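Numbering (the working numbering), first residue to last: 26 to 196.
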């Protein structure tokens with residue numbers, strides 16, 4: 026049985042491929058296969074994760090963290106219940122979805138949801154090839170994330186990076 030890649034696998038595959046180039050291990054797996062306990066909040070009553078939105082950009086280049094990994098712009102998701110049992114799933118708020126829509130639209134990616142659905146139909150080989158070309162085309166730099174004024178998104182169908190003003194993420 027061959028597992029079809031999910032859209033988030035393209036994003037994490039970018040990180041994985043970059044990490045392999047700098048000699049680091051990075052595993053990619055579907056979030057549903059990870060033990061739910063890994064996502065529990067400190068008090069055990071909710072689930073938490075970071076929703077990756079984009080990569081920070083400075084002077085047209087994607088920012089690296091001080092440890093050499095790719096920096097990311099993310100939004101913390103916390104899903105709680107009114108019981109001592111954490112919820113069985115995450116819910117992404119409408120505000121977060123609106124932010125993601127706005128970010129993609131500013132990048133000119135108006136059909137991004139359809140494009141990401143199409144990626145789920147791709148073979149693993151095609152995903153790997155596209156990710157390899159994406160990483161090869163990335164220009165990176167070191168720097169302070171607080172000085173970034175732009176964010177990058179990758180369009181897997183057209184295999185190109187799009188850079189948008191960072192303000193769309195915070196305003």
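Don't be surprised by glycine CBs; every beta carbon is placed ideally from N, CA and C. Note that the coordinates shown come from a computational prediction; the quantities given were computed from them, not determined experimentally.
Under 9 Å between C-beta atoms of residue i and residue j
i, j, result
"residue 89", "residue 134", "no"
"residue 97", "residue 78", "yes"
"residue 140", "residue 181", "yes"
"residue 132", "residue 170", "no"
"residue 167", "residue 110", "no"
Residue burial classification, residue i (beta-carbon count within 10 angstroms, cutoff 16)
i, result
"residue 80", "buried"
"residue 124", "buried"
"residue 191", "buried"
"residue 87", "buried"
"residue 175", "buried"
"residue 172", "exposed"
"residue 122", "exposed"
"residue 105", "exposed"
Close-in-space but distant-in-sequence residues of the same chain around residue i (CB under 8 Å, 5 per side omitted)
i, result
"residue 158", "184"
"residue 99", "75, 76, 77 and 78"
"residue 67", "none"
Proximal residues to residue i (C-beta, below 7 Å), its chain only, five neighbours per side dropped
i, result
"residue 30", "No answer about residue 30 holds up, because its pLDDT of 43 lies below 50 and its placement is not dependable."
In DSSP terms, what residue i is bridged to
i, result
"residue 254", "What the structure shows of the chain is the stretch from 26 to 196, and residue 254 is not part of that stretch, so it cannot be assessed."
"residue 96", "Answer is none; residue 96 lacks a bridge partner."
"residue 104", "72"
"residue 165", "87"
"residue 77", "99"
"residue 139", "Looking at the DSSP assignment, residue 139 forms no beta bridge with any residue, so it has no partner."
Cutoff 6 Å; reference residue i; Cβ partners in own chain excluding five residues on either side
i, result
"residue 163", "87"
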